[in-house]
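> Residue numbers (the working numbering): 787 to 1012.
Cβ atoms here follow ideal geometry from the backbone N, Cα and C, with glycine treated the same way.
Encoded as C-alpha cells, here's the structure I'll be asking about.
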Ligand code: ADP
Ligand code: ADP
C-alpha cells in the first residue's frame, strides 16, 4: 500500500514560474521519507499540493489511494501537516491548541481530551498544558505543532523543514520524537536541506532540484554512491 503516489506533477505559478516540471514518486506505508533539495527547488510547492493548499497545474496525487481531485476530504483526513511557521493561536494554552484542532476534525470532546494527554505526554508537553503557547520555548512550540498535527490521528505526517534554524541539540531531540512516531506505524515525509538530517532519519529519499526529481532511492543506495 502506498501512503503517497504522485504522478507527473506540474505546477506553474502564474504563467512563468515552472516550480514543478513533472514529478513522479511513491512513498510506501510506514516509510520515513525525505524530500531534500536547495531553496527554491519545489519542496514546499509539492507539500502544498499534497495537502491541497496549492492548486496543481496538472498531474495526479493519491493519499492512501484517495485521489485529491475526487476524494479530497478523505485524502486530507489521512494527513497531519506540520508547517514551517508557528501558526497556532499564541494566546491559547497548549491544551486549547490541540483540543481545538481535534474539534475542527469533529473529534468528540472527551476523546479529544484523551488524545491531548496522549500526544502532549509523548511530546513532553503535558506539564506545560496550562501555559499560554506564546510562552513556550522555540523547541516546545515545534513539538506543539507536531502534537496538534496528530490530534485527528493521521496515517501520514508531513513536516516542512521541521528543524530549519533549530540548534543541533534541539534538532536531535526532534529526531527522537519523529523516530518514535514512525515506529508506531505513522508514515513520515519531511522536507529538509540538511543531508545529515535525511541520513539520520530516513529510509528513502527524493532529491528535488529546480522542479525535477534528480534522485528517488533508498538512503543506503544514495550513501554508497557518495
Ligand atoms: P496559485 O496558482 O496557486 O493560485 P498564484 O500563481 O496565483 O498561485 O500565486 C499565489 C500568490 O503568491 C500570488 O499572490 C503571488 O503574488 C505570490 N507570489 C509570487 N511570487 C512568489 C514567490 N516567488 N514566492 C512566494 N509567493 C509568491
Ligand atoms: P522550496 O520549498 O524547495 O524552497 P518552493 O516550492 O517554495 O521551493 O518554490 C519553488 C519555486 O516556485 C521557486 O522558484 C519559488 O520562487 C516559486 N514560488 C513558490 N511559491 C510561489 C508563488 N506563490 N507564486 C509564484 N512563485 C512561487
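Find the nearest neighbour of residue 877 within the set 992, 869, 965 and 921, judged by alpha-carbon distance.
921
> Which residues does DSSP list as the beta-bridge partners of residue 973?
942
> Along the beta strand (DSSP E) that carries residue 1007, what are the first and last residues, could you check?
Where residue 1007 is concerned, there is no enclosing beta strand (DSSP E), although the alpha helix (DSSP H) it sits in stretches over 1005 to 1011.
> With which residues is residue 874 paired in a DSSP beta bridge?
Answer is none; residue 874 lacks a bridge partner.
> DSSP three-state call for residue 997: helix, strand or coil?
coil
> Please enumerate, following chain order, all residues with a beta carbon closer than 5 Å to at least one heavy atom belonging to ligand 2.
799, 803, 805, 825, 826, 827, 828, 829, 830 and 831
> Strictly by DSSP, which residues pair up with residue 796?
807 and 844
> Under the DSSP definition of a beta bridge, which residues are partnered with residue 950?
None; residue 950 has no bridge partner.
> Ends of the alpha helix (DSSP H) at residue 902?
895 to 908
> By a C-beta neighbour count over all protein chains shown, 10 Å radius and 16 as the cutoff for buried, is residue 969 buried or exposed?
Per the 10 Å Cβ criterion, exposed.
> Excluding the 5 residues flanking residue 1009 on each side, which residues of the same chain have their C-beta closer than 8 Å to its C-beta?
985
> With H, G and I counted as helix, E and B as strand and the rest as coil, what does DSSP make of residue 967?
helix
> Counting only the same chain and skipping the five closest in sequence on each side, list residues whose C-beta sits under 6 Å from that of residue 815.
Counting only Cβ-Cβ distances below 6 Å, and skipping sequence neighbours, we find 787, 789 and 973.
> Taking the CB atoms as reference points, tell me whether residue 811 and residue 880 lie closer together than 8 Å.
no
> Identify whether residue 819 lies in helix, strand or coil by the three-state DSSP scheme.
In this structure, residue 819 counts as strand in the three-state DSSP scheme.
> Nearest-angstrom Cα distance between residue 932 and residue 804?
31 Å
> Count the other CB atoms, across all protein chains shown, that sit within 10 Å of the CB of residue 839; report buried if there are 16 or more and exposed otherwise.
Exposed, by the Cβ-count rule.
> Starting from the C-beta of residue 917, find all residues in its chain whose C-beta is less than 7 Å away, skip the five residues before and the five after it, and write them out in chain order.
If we look at residue 917 and ignore the five residues flanking it on each side, its Cβ neighbours are 879 and 880.
> Where residue 977 and residue 813 are concerned, what is the direct C-alpha to C-alpha distance, given to the nearest angstrom?
Going by C-alpha positions, residue 977 is about 14 Å away from residue 813.
> Can you tell me the Cα-Cα spacing of residue 796 and residue 843, whole angstroms?
Distance from the CA of residue 796 to the CA of residue 843, rounded to the nearest whole angstrom, comes to 5 Å.
> Can you tell me where the beta strand (DSSP E) holding residue 865 begins and where it ends?
Its beta strand (DSSP E) spans residues 865 to 868.
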